[in-house]
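In what follows, a structure is listed as structure tokens, so that the remarks can point back to it.
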Amino acid sequence: MTDSQAASDPTLAVTAAAAELPPELEAQSLGQYFRAWLVRVRSGDAGVLPVVAALVLVLVAFSFLNPRFLIPYNLVNLFEQSAVFIVLAMAEGFVLLLGEIDLSVGYVAAIGGAVAAILVQPAYNCPWWLAVGAALGLCAAIGALQGTIITQLRLPSFVVTLAGYLSWYGLLLLFLGNSGQAPLNSDRIDGQVFIHGIVGSSSDPTMTWIGLVVVVVIFGAVLWLRDSGRRRSGLVAPPVGLTVLKILLIALAGFAVVYICNMDRSFSANPVVGMPWVIPLVIVVLLMWTVLLEQTWYGRHVYAVGGNPEAARRAGISVSRVRIIAFTLCSLTAGLGGILYASWLGAMTTNINGGQYVLYAVAAAVIGGTSLFGGRGRALHGLLGGLVIGAINNGMFMLGFQLQWQLIATGLVLLAAVTIDALSRRSATSGVLTHA
Amino acid sequence: MLGSEWMSRLASNDPKDEVMESMTGTVGLPESRPQEKARPDSAGGTEPLLKLRGVSKHFGAVQALYMVDLDLPAGQVTALCGDNGAGKSVLTKCIAGIHPPETGEMHWEGRLVHIRTPRDAAHLGIETVYQDLALADNLDIVQNMFLGRERLSGGVFLNEDDMERAAATTLASLKVTTVRSIRQPVATLSGGQRQAVAVAKAVMWNSKLVILDEPTAALGVAQTKMVQDLVRRLKDHGLAVMIISHNLNDVFAVADRIAVLYLGRMVAQDSISAFDRQNVVDYMTTGESSRSASGRRA
Ligand SMILES: Nc1ncnc2c1ncn2[C@@H]1O[C@H](COP(=O)(O)OP(=O)(O)OP(=O)(O)O)[C@@H](O)[C@H]1O
Ligand SMILES: [Mg+2]
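Now the structure itself:
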């Protein structure tokens, strides 16, 4: 290539200067980052900002309508109630990322809760870890079975998991037998005490503060070291301001949650303080699934299969293996959600509305920002969407609205979320079409 | 850093590129790849890197390929021509392991091979730029370039820093400078940028055969010339290249050999001197040519 060509062609002239990295690689300011963020929004990925805004809006609205909404008792209660939605939404997220759906999560969760609860009944008296392990193992096996049927027989996941929905409900009725329930309220059986205590008992307030500091310091250090390291080596990294902002937000949110949990929330002379164990548990699951999806080869392949299965196949990725593992992880996580449900209720019963829970799980994931069309979503979306649904249910209950109104409100929020999802997808696709 | 090492070799032909390489931090003078001397075969000619014999493939009632023979010699560019629907992309996919052929044999470096999956093809050293590009829109440029071959640390975790550096080096040496960020989702790229990413993805690996299915269809003038230069550099480094193009200017600019498919049959295959534009068009549109450029018929 000659110099005269380079001079006459602007694209080449720029290059000749030295193959410098594009400006975004060295984005230094929040402003520049914001512009890059706008690019992402236009591609249909608005991030978590809309759902965080929605969550704040819901919380503010309910606290205006009912001052008791914000008392510590209710807020902790809200976290506890939302935990099941959150975990089920994270479960559903795995298959939504592939552009599939799992309608069975509600009753798979019920199976998980039931097996754990049954194994700590006096008749079996298993230690908690065995009961929980067996429950999660069975749920994972259910997921692997459904995933294998879907991929090997090439059936739509919708239909296979609908069959699962019915079968696992039947299995639940079989498991719980005539009594239709397995209580967890004995304080003499260790396993029951443990499972009931996941939601029912709390950590020591001082230890909670120490735990918060440790978590924030570790998280801040990891984030800071990673981002500053990437900035130093000229890789694409968020500007310093954004890294600091993220760490501050995490610290602030953590502080608020611990502060609320450590306020006395009893209505009697005996104070009730501390963080219910379910909160750190949900955070651990969030971290695990975030790392799996965003930092490992498996997660990368999940996004690839969700975005373009044919491209994934041509890249040598075993698409069926990715799918089967995703359905397995979905059911495994659902099983954990079921154990949280049993813990919260203090028993496992056949009254669990698995049908409604699966809809809430899909709704929470989509409200959080996960796309129904596959390829876009994060574990964090389950947390945020689950909190929105939990807040709506809790707030409307506090205002004296009956179940029917809660359902209608949640339905409208879901509709809004799906509309945003479809609109952003349409604009992204039409963008590609105009280019092609 | 396999990819960037390879890219520095690619860049070694162009003195300006060497400057660029040193500026982007790739260390060491590019060593020149030992020219792969093709082995002489029994007929006294040379054994092609990939040899197809009697390859057939059908989809339902459509016979997409029928008894196709094709030679892809190392160090040469073979242009595959043919009208729409002639079977060019299907042939590409047969070689890439996406549609294994029903009958026929493939010989790689003189050895009978069965390419059943894309992974088999990659292991042999075959890289393909597909006509539809095969990019995941929701992933960014780096993620797409390393898809299925992610660099890991600890066997599980993605080594993003390494991958990003290698991708940046490759894109820079291909002079793909118009993308706003190497971390933007492919969905936000223009058609030409997507094609450039797909080409970069294929040449980043230390491959022996590169197949380009209409790599310049959506490219601008400068980028088309880039791809042509790249094709020449690949061949100078001893790789076999197969390029599919409807643009006969492209074909005559880079090809050493031409093969013409007509309704799934290989109707002509010879060195470029045996063809001129008119008889290539004849072969493409009618499957035969009454006139010949130098009196030879395939
Ligand atoms: N996956 C498939 N299933 C069914 N038929 C197919 C498939 N792929 C290709 N074909 C058929 O095989 C024939 C050859 O198609 P191919 O894509 O190879 O054409 P081509 O030469 O690449 O044409 P173009 O220049 O338009 O890209 C066509 O008739 C096409 O309809
Ligand atoms: Mg084609």
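One line per chain: the protein sequences are E and X, in this order. For the first sequence, this note's numbering assigns the number 482 to the initial residue and increments by one for each residue that follows. For the second sequence, this note's numbering assigns the number 928 to the initial residue and increments by one for each residue that follows. From the three backbone atoms N, C-alpha and C, an ideal C-beta is built for every residue, glycine too.
In the DSSP assignment, find the alpha helix (DSSP H) that holds residue i and state where it starts and stops.
| i | result |
| --- | --- |
| E/A781 | It is worth fixing the name first, because residue 781 of chain E is Arg in this sequence and not Ala. From DSSP, the alpha helix (DSSP H) with E/R781 extends over W778 to G788. |
| E/M688 | P686 to R713 |
| E/I806 | V800 to L826 |
| E/Q602 | Premise fails: E/Q602 is in no alpha helix (DSSP H) and is neither H nor E. |
| X/P1045 | P1045 to L1051 |
| E/I848 | G835 to G849 |
| X/H1034 | Element bounds for X/H1034: not the alpha helix (DSSP H) but the beta strand (DSSP E), T1030 to W1035. |
| E/A732 | V721 to C742 |
So, under 8 Å CB-CB, residue i and residue j are touching, yes? Tell me the CB distance rounded to an integer number of Å.
| i | j | result |
| --- | --- | --- |
| X/L1157 | X/V1130 | 7 Å |
| E/S824 | E/V694 | The Cβ separation is near 27 Å, so there is no contact. |
| E/R746 | E/Y554 | 4 Å |
| E/L579 | E/G855 | 6 Å |
| X/I1185 | X/C1021 | At roughly 19 Å, the Cβ-Cβ gap does not stay under 8 Å, so X/I1185 and X/C1021 are not in contact. |
| E/A792 | E/I676 | The Cβ separation is near 44 Å, so there is no contact. |
| X/V1181 | X/R1160 | Not really, about 11 Å apart at Cβ, beyond 8 Å. |
| X/T1055 | X/T1005 | The pair is not a contact, with the Cβ atoms about 14 Å apart (cut-off 8 Å). |
| E/W609 | E/D671 | 7 Å |
Check the Cβ-Cβ distances between residue i and every residue of chain X, and say whether any is below 8 Å.
| i | result |
| --- | --- |
| E/A842 | no |
| E/I798 | yes |
| E/T891 | no |
| E/R795 | yes |
| E/W770 | no |
| E/V529 | no |
| E/L967 | No information on residue 967 of chain E is available, as it lies outside the stretch 482 to 917 that chain E covers here. |
| E/R712 | no |
| E/W778 | yes |
| E/D902 | no |
| E/E581 | no |
| E/R802 | no |
| E/V899 | no |
Nearest to residue i by CA position, among the options, is which residue?
| i | options | result |
| --- | --- | --- |
| E/S684 | E/Q602, E/W758 and E/L880 | E/W758 |
| X/G1031 | X/T1044, X/A1061, X/G1014 and X/K984 | X/K984 |
| E/M571 | E/A792, E/I873, E/L861 and E/L704 | E/L861 |
| E/M829 | E/S714, E/Q662 and E/I889 | E/Q662 |
| X/A1023 | X/A1006, X/Q1003 and X/H1050 | X/H1050 |
| E/L569 | E/G715, E/V847 and E/G876 | E/V847 |
| X/I1171 | X/A1094, X/V1154, X/R1121 and X/R1160 | X/V1154 |
| X/D1045 | E/T831, E/A796 and E/G876 | In the sequence as displayed, the identity of residue 1045 of chain X is Pro instead of Asp. For X/P1045, the nearest C-alpha among the options comes from E/A796. |
| E/G735 | E/W690, E/D708 and E/Y779 | E/W690 |
| X/A1144 | X/Q1205, X/G1165, X/A1125 and X/F1073 | X/A1125 |
Taking 8 Å as the CB-CB limit, is residue i close to chain E?
| i | result |
| --- | --- |
| X/S1134 | no |
| X/L1062 | yes |
| X/E1091 | yes |
| X/P957 | Below a pLDDT of 50, predicted positions are generally treated as unreliable, and X/P957, at 32, falls in that range; no measurement from the model is reported. |
| X/A1049 | yes |
| X/G971 | With a pLDDT of only 39 at X/G971, under the threshold of 50, the placement of this residue in the model should not be trusted, and no figure is reported. |
| X/E1054 | no |
| X/G987 | no |
| X/D1284 | With chain X running from 928 to 1225 in the structure shown, residue 1284 of chain X is simply not present. |
| X/V1083 | yes |
Using DSSP with H/G/I as helix, E/B as strand and the rest coil, what is residue i?
| i | result |
| --- | --- |
| E/V541 | helix |
| X/W1132 | coil |
| X/R1107 | coil |
| X/A1195 | strand |
| E/E561 | helix |
| E/M829 | strand |
| E/P923 | Since the first residue shown for chain E is 482 and the last is 917, residue 923 of chain E is missing from the structure and cannot be characterised. |
| E/Q662 | strand |
| X/R1184 | strand |
| X/E1141 | coil |
| X/A1023 | helix |
| E/L884 | helix |
| X/Y1189 | strand |
Considering just the uninterrupted stretch of the beta strand (DSSP E) at residue i, what are its terminal residues?
| i | result |
| --- | --- |
| X/L992 | V989 to L999 |
| E/P548 | No beta strand (DSSP E) contains E/P548, which DSSP labels as neither H nor E. |
| X/F986 | L977 to F986 |
| X/E1215 | Element bounds for X/E1215: n/a, residue is neither H nor E. |
| X/R1092 | Not the beta strand (DSSP E): X/R1092 falls in the alpha helix (DSSP H), residues E1087 to S1100. |
| X/I1171 | A1167 to I1171 |
| X/T1005 | V1004 to C1008 |
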